[in-house]
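Some notes on the structure that comes next.
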Amino acid sequence: MEKYDGGPVALVRSALVRAGLDDTVRTFPSGVPTAAAAAEALECDLAAITNSLIFELSGEPLLILASGAARVDTALVAAQLGTGRIRRASPAFVLEHTGQEVGGVAPVGHPKKIRTLLDESLQPHELLWAGAGDHNSMFSITYTQLRSITGALELQVR
Numbered sequence: 029m030e031k032y033d034g035g036p037v038a039l040v041r042s043a044l045v046r047a048g049l050d051d052t053v054r055t056f057p058s059g060v061p062t063a064a065a066a067a068e069a070l071e072c073d074l075a076a077i078t079n080s081l082i083f084e085l086s087g088e089p090l091l092i093l094a095s096g097a098a099r100v101d102t103a104l105v106a107a108q109l110g111t112g113r114i115r116r117a118s119p120a121f122v123l124e125h126t127g128q129e130v131g132g133v134a135p136v137g138h139p140k141k142i143r144t145l146l147d148e149s150l151q152p153h154e155l156l157w158a159g160a161g162d163h164n165s166m167f168s169i170t171y172t173q174l175r176s177i178t179g180a181l182e183l184q185v186r
């Protein structure tokens with residue numbers, strides 16, 4: 029697993045810069061471990077918060093980038109993908125595959141590329157905010173940039 033001084037947030041910053049994007053990471057001393065806390069700290073709509081949720085599909089990680097105002101319907105997602113059951117991953121599984129802890133997972137900065145789905149309901153928001161690798165950091169990005177940097181498949185997830 030690739031590591032830099034500064035931990036997971038440094039990996040996220042590096043991924044943004046390598047993709048030609050600005051380093052928009054902001055750190056909050058009181059933490060932003062939930063979408064609601066992030067929306068309050070950023071003074072933005074809860075629906076513009078992008079949750080990075082890791083699921084397990086046939087033993088492999090599946091990253092679903094979902095609106096903070098949404099609850100992922102795993103049966104709907106599985107039906108659209110034509111796959112078996114999608115299960116919420118354990119904290120150990122999340123850490124193993126992302127190098128980041130649950131509540132701070134970012135869409136980028138992982139040791140290896142993860143199959144990623146992007147919630148279509150995020151598209152209308154001019155600016156999105158996503159976790160930046162820990163419980164205290166978030167970064168801003170547009171929907172188009174997020175789709176591009178993650179290589180995500182756009183999908184209805186709820």
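Residues in the sequence shown are numbered from 29 upward in steps of one, following this note's numbering.
A virtual CB, placed ideally from N, CA and C, is assigned to each residue, including glycine.
It should be emphasised that the depicted structure is a prediction, and the values quoted were computed from it without experimental measurement.
Beta-carbon proximity list for residue i, same chain, < 6 Å, skipping 5 on both sides
i: Pro119; result: Val130
i: Arg175; result: Leu146
i: Thr125; result: With the sequence shown as reference, residue 125 is identified as His, and Thr is not the correct amino acid for it. Excluding sequence neighbours, His125 sits near Pro89.
i: Asn79; result: Ala63, Ala94, Gly96
Anticipated Cβ contact below 8 Å, residue i with residue j, distance rounded
i: Pro57; j: Asp162; result: With a Cβ gap of about 12 Å, Pro57 and Asp162 do not count as contacting.
i: Thr144; j: Leu91; result: 4 Å
i: Arg115; j: Glu84; result: 5 Å
Proximity of residue i and residue j at Cβ, strictly below 8 Å
i: Gly159; j: Val122; result: no
i: Ala43; j: Gly96; result: no
i: Thr170; j: Leu183; result: no
i: Gly112; j: Ala106; result: yes
i: His153; j: Ala47; result: no
i: Leu93; j: Ala180; result: yes
i: Val185; j: Asp101; result: yes
i: Ile177; j: Leu49; result: yes
i: Ile82; j: Ala67; result: no
Cβ shell of residue i (< 7 Å), same chain only, five flanking positions each side left out
i: Lys31; result: Here Lys31 scores only 39 on pLDDT, less than 50, and its place in the model should not be relied on; the value that follows carries that caveat. Here the set comprises nothing.
i: Ala69; result: Phe56, Val60
i: Val45; result: Asp51
i: Ala98; result: Asp147, Ser149, Val185, Arg186
i: Ala117; result: Ile82, Phe83, Glu84, Pro89
Proximal residues to residue i (C-beta, below 8 Å), its chain only, five neighbours per side dropped
i: Thr172; result: none
i: Val40; result: Val53, Ala134, Val136, Gly137, Ala160, Gly161, Ser165, Phe167
Where the beta strand (DSSP E) containing residue i begins and where it ends
i: Ile82; result: 77–85
i: Ser88; result: Correcting the residue identity first, residue 88 is Glu in this sequence and not Ser. Its beta strand (DSSP E) spans residues 88–95.
i: Phe56; result: From DSSP, Phe56 is part of no beta strand (DSSP E); its letter is neither H nor E.
Opening and closing residue of the alpha helix (DSSP H) in which residue i lies
i: Arg143; result: Segment 143–147 is the beta strand (DSSP E) holding Arg143; no alpha helix (DSSP H) there.
i: Ala120; result: 119–126
i: Ile114; result: From DSSP, Ile114 is part of no alpha helix (DSSP H); its letter is neither H nor E.
i: Leu70; result: 63–70
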